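These notes concern the structure reproduced below.
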Amino acid sequence: MTKALSSSSAQLAEIRCHCGQLVARLTPSGVELKCKRCKRLVLIPYDESLANSSLSGSSGR
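Per this note's numbering, the very first residue in the sequence shown carries number 133; after that it's consecutive.
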């Protein structure tokens, strides 16, 4: 069952396993992770601007 991607979703980053199975996808809302057992997508909210500011202020542990 292959789903066609729209042009907007095709621009989003997808992380796939070596076998080709979708593992994660970067969306404007955050990072979507796919459960291997139930195939449900879980959204982890992520704000790239906050992540970049925290990286620049980190103290290099």
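We treat Cβ as the ideally placed atom computed from N, Cα and C, and that holds for glycine.
Computed from a predicted structure; not experimentally measured.
Span separating the alpha-carbon of A156 from that of D179: The straight-line gap from Cα to Cα measures roughly 16 Å.
Residue interval of the beta strand (DSSP E) (run including G162): 162 to 166
Pick from S161, K168, P160 that is closest to R148, judged by C-alpha positions: K168
Continuous beta strand (DSSP E) stretch holding A156: start and end: 154 to 159
Burial state of S161, where buried means 16 or more other Cβ atoms lie within 10 Å: By the beta-carbon neighbour count (other beta carbons within 10 angstroms, threshold 16), S161 is exposed.
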